[in-house]
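Take a look at the structure set out below.
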């Protein structure tokens, strides 16, 4: 048998697969870059054509999908025909921008924040639960925020983001209880220099993602249901 065919077969057997939503920019894009550079097959979920083209040019399997399209999540799962997913990272999220007083709260945006920040991650987990369970790593990560911590809620404001992330925390904790066959963990990336946190944030996307990748690699079933920061320290609920 030709050695290049043997090598290709071995790579297909041993290569790990990550599915990452919100992969068009910021933390999601950096997850794609780092995992791809480390030899993983990366399936990147993006919502715009430019990001799709840029990731595809890097050899990444980019899929066009707005996470608000809940039937589209199911169609994406069906298109993979049960392929094992070692790592699911539910990263897509929206943020209302500069803090607004209660009087300026936009109910339509608030509802949309729940669709994107809370409902979509859990529906991704439901759609790909069997794929994750069939893999070697069996890890499902939701990217959350310190603003989702009830006990660290020291000031008002950021109502859409804060409440939708607190609900995500509750939902992912429930996932960990209902799906013991996978390792479901909530991670907060720190304050990162993205469009959301701005250019003066203390962490670069490269630094934050490198820390989270190291943490993800050492997660065990005993960590399922935990709310951790990027270094692995527990965050109070």
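Residue numbers (the working numbering): 110 to 346.
Idealized CB from N, CA, C, for every residue including glycine.
Quick caveat, the model's predicted, so the values are computed rather than measured.
- The stretch 131-140 makes contact with the stretch 188-204; the number of CB pairs closer than 8 Å reaches 3 or more.
- Contact between the stretch 261-269 and the stretch 312-322 is not established, with fewer than three Cβ pairs separated by less than 8 Å.
- Check the Cα spacing between residue 327 and each of 300, 207, 258, 250: the tightest is with 250.
- When C-beta atoms of the stretch 232-242 are compared with those of the stretch 171-187, three or more pairs fall below 8 Å, so the two segments count as touching.
- Its Cα nearest to that of residue 278, the residue 344 stands out among 173, 344, 288, 125.
- Residue 226 counts as buried, since no fewer than 16 other beta carbons sit within 10 angstroms of its beta carbon.
- Take the alpha-carbon of residue 144 and the one of residue 211: they are about 40 Å apart.
- Burial check for residue 214: the Cβ neighbour count within 10 Å stays below 16, so the residue is exposed.
- The three-state reading of DSSP puts residue 150 in strand, counting E and B together.
- Look at residue 155 here: in three-state DSSP terms it is strand.
- Under DSSP, the beta-bridge partners assigned to residue 198 are 129, 250.
- Burial check for residue 162: the Cβ neighbour count within 10 Å stays below 16, so the residue is exposed.
- From the listed residues 288, 301, 303, 282, the smallest Cα separation to residue 295 is found for 282.
- Judged by beta-carbon spacing, residue 238 lies within the 7 Å limit of residue 288, meaning their Cβ atoms are closer than that value.
- Around the CB of residue 147, fewer than 16 other CB atoms lie within 10 Å, so the residue is classed as exposed.
- In this structure, the straight-line span from the alpha carbon of residue 196 to that of residue 126 is close to 7 Å.
- Taking C-beta atoms as the reference points, residue 257 and residue 275 count as a pair closer than 7 Å.
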